Amino acid sequence: MNKIIDKLIGFWFRPTDSWSYAALRIGYALSTLDQWQSIWRHRLDFFGEMASIGINGTKMYSGAIPSIFTLAQSPNAITASCIAALIAAILLICGIANRICAIALFYWHYSLAFDLFPAISGYDMIIKVMGFILMVSPLGNEWNIQRVIGAKKSRTASHSKVPVYGLYLLRWQLFVIYLVTVWLKTPDQYWRNGQFLSYFMMSLYSKTPLPVFAHMEAISVVFSFGTLLVECSIPFLLCLRRWRFVGLLLGLGLHIGIGFTTNLQLFSLAILVMYPAFFDSKDLAFLREAFTKIKKPLAASRA
Amino acid sequence: MPSFLSARTSKAVKLITSLFFCYHVAAVGAVNFPPNTALSRYVYRPFSYYIALFAQNQSWDMFDTIPYDHKLTIEVLTQDAQGKNLVLSPFTPRLVENDPRLSTLFYRLYPSSNACEECWSKYILGMCNRLKGEIGKKLEINPQQVSFSLNFVRDQLRSLEQIRNSGILSDKVVMARGPVSCMQ
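Protein chains in written order, with this note's numbering: chain B, 200 to 502; chain S, 87 to 270.
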């Protein structure tokens with residue numbers, strides 16, 4: 200029994216470099232900022248006494264604690280709450296008071312889950328579940344403003360080791376997101392006949408909704424099936440060290456492509472910022488080596 | 087682990103924490119288990135309270151089918167005190183066209199949607215407060231006789247074949263919810 204307990208603890212608390220958490224922390228805060236700006240201009244319509252949405256006070260509300268917007272009802276209180284969330288996100292990017300900011304931002308996302316319904320979208324849910332995991336994760340002390348200032352004085356930086364459990368939870372979450380979305384798409388007739396992308400590019404989500412996409416059905420088939428294949432491959436590729444960078448490139452291609460062609464940039468950002476959960480110091484070392492190998496011939500050819 | 091904890095206590099804390107992580111992993115899997123199977127309620131039951139409590143409910147059905155509209159325009163129709171028809175934005179400041187968040191909201195308020203009746207009641211309350219308040223005063227709406235309709239103007243996508251033959255992307259479909267009296 201002791202062996203099992205030790206293995207279980209060893210699995211979740213294996214030491215790892217904290218830079219992955221730093222990247223996740225910064226990415227999460229950036230996606231929160233993007234989400235924040237989409238809410239800010241309509242905050243008085245969404246929250247408080249004049250709210251037109253939200254399930255506070257209805258039987259659909261199931262939260263453990265009141266949302267911030269139950270407490271902040273007046274226009275000034277709503278504005279102050281939103282500014283507090285903004286400050287917490289900026290501090291989290293700078294690596295200041297990480298734990299307090301992570302808790303504060305999760306409370307913000309928790310409140311939005313109730314007060315923003317039914318205006319809540321998939322990208323809000325991604326940021327919310329990521330926020331919960333980061334709230335309970337070791338955030339380390341990498342990539343913060345003190346280190347940036349300190350780096351000017353000292354070249355040596357200590358890299359702390361922290362437990363890996365937060366990264367494992369995020370990897371599992373990303374697995375679930377990709378595999379469930381493929382599971383739900385594959386029975387649909389438009390995904391099955393490859394027409395999905397043509398319709399999507401003519402829809403209200405597209406930046407260029409033109410009739411020409413109706414004439415590109417063959418290309419739509421390639422990209423529709425390709426999307427499904429990429430989405431179900433990415434989490435597995437990211438798990439395997441040899442194929443990790445292939446998974447990264449496919450993910451970047453898919454989500455940056457979505458970001459450029461649609462008005463769903465927040466969705467792309469919210470997903471991509473979870474990718475650092477799969478990378479460790481060996482991957483960083485591999486990248487550095489690869490860049491050095493590219494740099495040497497370039498420098499030699501210039502000389 | 088804090089250094090003041092003994093080795094035994096530290097191990098116990100790590101064990102409990104590890105078990106919590108296993109529970110969370112199982113909960114995330116369970117909440118995404120297909121809902122229409124004979125096993126679904128048994129799978130979900132051990133985690134339902136935890137999921138609801140921490141707002142960890144998740145639904146990854148984004149774009150599980152095609153978007154049906156090329157464009158969606160939402161209008162609030164009401165009248166001022168002189169009986170003149172007014173067409174307003176459903177939100178202030180003015181609704182940003184093609185804001186994906188707001189299209190999500192209004193699809194859930196659509197007349198044939200069963201997504202959330204409480205949401206429609208909440209929307210009525212918020213809009214009535216607005217029309218009876220400052221905005222109503224500016225537009226000279228009689229606060230004793232406020233009513234409104236919510237118009238959904240959809241540019242509904244045609245089939246690919248129809249678009250290829252005609253060059254026309256969509257057909258206009260207008261549905262309304264209301265009129266709703268704010269005096270109730």
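Just so you know, even glycine gets a beta-carbon here, dropped at the ideal spot from N, CA and C. Computed from a prediction, not measured in an experiment: that's the story for all the values here.
Who are the near neighbours of residue i in its chain, counting only those whose CB is closer than 8 Å to its CB and skipping five residues on each side?
| i | result |
| --- | --- |
| ASP244/B | ALA250, SER251 and ILE252 |
| GLY393/B | GLU416, SER419, VAL420, VAL421, SER423 and PHE424 |
| ASN122/S | none |
| VAL232/S | THR164, CYS214, LEU217, LYS218, GLY222, SER267, CYS268 and MET269 |
| THR355/B | Legend: pLDDT at THR355/B = 47, less than 50; position of this residue unreliable, value from coordinates given subsequently. Excluding residues within five positions, none has a Cβ falling inside 8 Å. |
| PRO410/B | MET401 |
| ASP257/S | ASP241, GLN242 and ARG244 |
| ARG440/B | LYS481 and ASP482 |
Among the options, whose alpha-carbon lies nearest the alpha-carbon of residue i?
| i | options | result |
| --- | --- | --- |
| PHE177/S | ILE210/S, TRP146/S, ALA124/S and THR151/S | ILE210/S |
| THR190/S | ALA138/S, LYS170/S, THR159/S and GLY212/S | THR159/S |
| PHE316/B | ARG194/S, ASN200/S and HIS110/S | ARG194/S |
| ASN215/S | PRO265/S, LEU105/S and MET269/S | MET269/S |
| ALA413/B | SER252/S, GLY264/S, ARG263/S and LYS258/S | SER252/S |
| SER320/B | PRO186/S, LEU255/S and LYS157/S | PRO186/S |
| ARG213/B | ILE302/B, TYR364/B and TYR309/B | TYR364/B |
| ASN462/B | SER219/B, GLN234/B, TYR220/B and LEU229/B | GLN234/B |
| SER219/B | ILE204/B, THR231/B, ALA263/B and MET473/B | MET473/B |
| LEU207/B | TYR130/S, ARG94/S and LYS100/S | LYS100/S |
| ASP147/S | VAL381/B, LEU366/B, PHE305/B and ALA489/B | VAL381/B |
| SER280/B | LEU436/B, VAL328/B and ILE238/B | ILE238/B |
| ILE249/S | HIS156/S, CYS205/S and ALA138/S | HIS156/S |
| PRO265/B | TRP307/B, ALA301/B and ILE299/B | TRP307/B |
| LEU428/B | THR407/B, PRO274/B, ARG391/B and THR269/B | ARG391/B |
| ALA312/B | ALA138/S, LYS258/S, ASN200/S and VAL173/S | ALA138/S |
| PHE331/B | ASP314/B, ILE286/B and PHE305/B | PHE305/B |
Verify whether the separation of the beta carbon atoms of residue i and residue j is less than 8 Å.
| i | j | result |
| --- | --- | --- |
| ILE152/S | TYR398/B | yes |
| THR491/B | SER405/B | no |
| TYR135/S | GLN242/S | no |
| LEU265/S | SER235/S | Per the sequence shown, the amino acid found at residue 265/S is Pro instead of Leu. Yes. |
| PHE374/B | PRO434/B | yes |
| ASN118/S | VAL379/B | yes |
| ALA288/B | ALA222/B | no |
| ARG240/S | ILE254/S | no |
| GLU430/B | TYR377/B | yes |
| THR215/B | ASP479/B | yes |
| LYS327/B | ALA124/S | no |
| ASP150/S | LEU483/B | no |
| LEU437/B | PHE477/B | yes |
| LEU290/B | ALA296/B | yes |
| LEU449/B | SER432/B | yes |
| LEU369/B | MET324/B | no |
Please work out which residues of its chain come closer than 7 Å, Cβ to Cβ, to residue i, disregarding the five sequence neighbours upstream and downstream, and give them in chain order.
| i | result |
| --- | --- |
| LYS352/B | Only weak support exists for where LYS352/B lies, its pLDDT of 48 falling under 50; the value from the coordinates is given anyway. Cβ neighbours of LYS352/B beyond the five flanking positions: none. |
| CYS293/B | ASN343 and ILE344 |
| ALA167/S | GLU226, ILE227 and ASN228 |
| SER359/B | SER217, GLY339 and ASN340 |
| LEU170/B | Because residue 170/B is not part of the residues shown, which for chain B are 200 to 502, the question remains open. |
| VAL173/S | GLU161 and LEU163 |
| PRO274/B | LEU243 and GLY247 |
Determine which residues share a DSSP beta bridge with residue i and list them.
| i | result |
| --- | --- |
| PRO214/B | PRO362/B |
| PHE424/B | In DSSP, PHE424/B forms no bridge with anything. |
| LEU172/S | THR164/S |
| GLN242/S | ASP155/S and ASP257/S |
| ALA326/S | Residue 326/S is absent from the model: chain S starts at 87 and stops at 270. |
| THR407/B | Paired residues: none, contrary to the question. |
| SER267/S | SER233/S |
Starting from the C-beta of residue i, find all residues in its chain whose C-beta is less than 6 Å away, skip the five residues before and the five after it, and write them out in chain order.
| i | result |
| --- | --- |
| PHE133/S | ALA113 and ALA116 |
| PHE210/B | none |
| VAL361/B | SER217, PRO337 and GLY339 |
| GLY212/S | none |
| PHE466/B | TYR322 |
| ALA262/S | SER235 and ASN237 |
| ARG242/B | ILE277 and CYS281 |
| LEU232/B | ALA288 |
| VAL259/S | ARG240 and GLN242 |
Discussion item. Taking beta-carbon pairs under 7 Å, can you tell me which members of the stretch 394-422 of chain B lie near chain S?
Written reply: GLN394, PHE395, SER397, TYR398, PHE399, MET401, SER402, LEU403, TYR404, PRO408, PRO410, ALA413, HIS414 and GLU416
Discussion item. Output needed in chain order: residues of the stretch 358-391 of chain B with a Cβ under 7 Å from some Cβ in chain S.
Written reply: TYR364, LEU368, TRP371, GLN372, VAL375, ILE376, VAL379, THR380, LEU383, LYS384, ASP387 and TYR389
Practice prompt. Residues of the stretch 198-218 of chain S with a CB closer than 7 Å to any CB of chain B: list them in chain order, please.
Written response: ALA201, CYS202, GLU204, CYS205, LYS208, TYR209, GLY212, MET213, ASN215 and ARG216
Practice prompt. Residues of the stretch 457-472 of chain B with a CB closer than 7 Å to any CB of chain S: list them in chain order, please.
Written response: ASN462 and LEU463
Practice prompt. Below 9 Å between beta carbons is the criterion; list the residues of the stretch 90-111 of chain S that meet it against any residue of chain B, in chain order.
Written response: LYS97, LYS100, LEU101, THR103, SER104, LEU105, PHE106, PHE107, CYS108, HIS110 and VAL111
Practice prompt. Closer than 8 Å, Cβ to Cβ, to anything on chain S: give me those residues from the stretch 201-212 of chain B, in chain order.
Written response: ILE204, LEU207, ILE208, PHE210, TRP211 and PHE212
Worksheet item: Using a Cβ cut-off of 9 Å, which residues of the stretch 143-156 of chain S contact any Cβ in chain B, in chain order?
Response: ASN143, GLN144, SER145, TRP146, ASP147, MET148, PHE149, ASP150, THR151, ILE152, PRO153, TYR154, ASP155 and HIS156
Practice prompt. Name, going along the chain, the residues of the stretch 185-199 of chain S whose beta-carbon falls closer than 8 Å to a beta-carbon of chain B.
Written response: ASP185, PRO186, ARG187, LEU188, SER189, THR190, LEU191, ARG194 and LEU195
Worksheet entry | Chain-ordered residues of the stretch 225-255 of chain S with a beta carbon less than 7 Å from chain B | LEU243, LEU246, ILE249, ARG250, GLY253 and LEU255
Worksheet item: Got a sec: which bits of the stretch 125-142 of chain S sit with their beta carbon under 7 Å from any beta carbon on chain B, in order along the chain?
Response: ALA138, LEU139, PHE140, ALA141 and GLN142
Worksheet entry | Contact residues within the stretch 319-338 of chain B, judged by C-beta distance below 9 Å to chain S | ILE319, SER320, GLY321, TYR322, ASP323, MET324, ILE325, LYS327, VAL328, PHE331, ILE332 and VAL335
Discussion item. If the cut-off is 7 Å on Cβ atoms, which residues from the stretch 434-456 of chain B count as contacting chain S, listed in chain order?
Written reply: none
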